[in-house]
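A.B. asks: Residues in the sequence shown are numbered consecutively from 837, following the working numbering.
Ideal Cβ placement from N, Cα and C applies to all residues, glycine included.
Note that this is a predicted model, so its numbers are computed, not measured.
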Amino acid sequence: MHEYSIVQSMLDLCEKHSNGKEIQKVVVKIGKMSGIEPHFLKSSFDLFKEDTLCHDAIMEMQLIDITLLCVDCNKEALVDSFNFYCPHCKGGNTKVLTGQEMHIDYIELKE
Ligand SMILES: [Zn+2]
């Protein structure tokens, strides 16, 4: 369950950026290829937030689509599965541009 360790470093980061204020909302971007299970991430967050400045915070998740760059024809393509062939030239010489990352987009503090 690596979602646990992700959530703990997320909470650390939130506290570091909030200057001691309570946090109302955490918006997280999750790539569809990041290997993170949004459902687990959310329940881990709710479990670990209790003793932190995030104890009242809600976590909002936004999924990032998978996009590829084809090295051969230099076009970008949106893919919705683990299919890494370029839809334009059918080549397999592609790089993943987005969809592997996971990061905090922004946090909202309580007034
Ligand atoms: Zn191509």
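Taking its Cβ as the centre, do 16 or more other Cβ atoms sit within 10 Å of E912, making it buried, or is it exposed?
C.D. replies: As a working mapping, residue 912 is identified with position 76 in the sequence shown. Exposed.
A.B. asks: Quickly, what does DSSP pair Y840 with across the bridge? List them, please.
C.D. replies: Locating residue 840 in the sequence shown gives position 4, where the first residue counts as 1. Per DSSP, none; premise fails for Y840.
A.B. asks: Using 8 Å for Cβ pairs, my map puts C922 next to T930. What's the rounded Cβ distance?
C.D. replies: Counting from 1 along the sequence shown, the entry for residue 922 is found at position 86. Counting from 1 along the sequence shown, the entry for residue 930 is found at position 94. Contact holds; Cβ gap of about 5 Å.
A.B. asks: If I measure Cβ to Cβ from G867 and keep anything under 8 Å in the same chain, skipping five residues before and after, which residues do I get?
C.D. replies: The residue you call residue 867 lines up with position 31 of the sequence shown. Contacts found: L899, I900, I902, T934, G935, Q936, E937 and M938.
A.B. asks: Beta-carbon separation of S854 and L889 under 7 Å?
C.D. replies: Against the sequence shown, residue 854 aligns to sequence position 18. Against the sequence shown, residue 889 aligns to sequence position 53. Result yes, Cβ atoms of S854 and L889 sit closer than 7 Å.
A.B. asks: Where do the ends of the alpha helix (DSSP H) carrying K878 lie?
C.D. replies: Taking the sequence shown and counting its residues from 1, one reaches residue 878 at position 42. K878 -> alpha helix (DSSP H) spans P874 to F884.
A.B. asks: Go through the residues and name those whose CB comes closer than 5 Å to any heavy atom of ligand 1, in chain order.
C.D. replies: Answer in sequence order: C906, D908, C909, C922, H924, C925 and G927.
A.B. asks: So what's L914 in DSSP terms, helix, strand or just coil?
C.D. replies: Along the sequence shown, one-based indexing puts residue 914 at 78. If DSSP states are grouped into helix, strand and coil, L914 belongs with the strands.
A.B. asks: Looking only at C-alpha atoms, which of E851, V907 and E886 sits nearest to Y942?
C.D. replies: Along the sequence shown, read from residue 1 onward, the residue named residue 942 stands at position 106. Comparing Cα-Cα distances from Y942 to each of E851, V907 and E886, the minimum goes to E851.
A.B. asks: Please classify H853: does DSSP put it in a helix, a strand, or coil?
C.D. replies: Taking the first residue of the sequence shown as position 1, residue 853 is located at position 17. Helix, per DSSP.
A.B. asks: Reducing DSSP to helix, strand and coil, say where M895 ends up.
C.D. replies: As a first step, residue 895 must be located in the sequence shown, where it is residue number 59. In this structure, M895 counts as strand in the three-state DSSP scheme.
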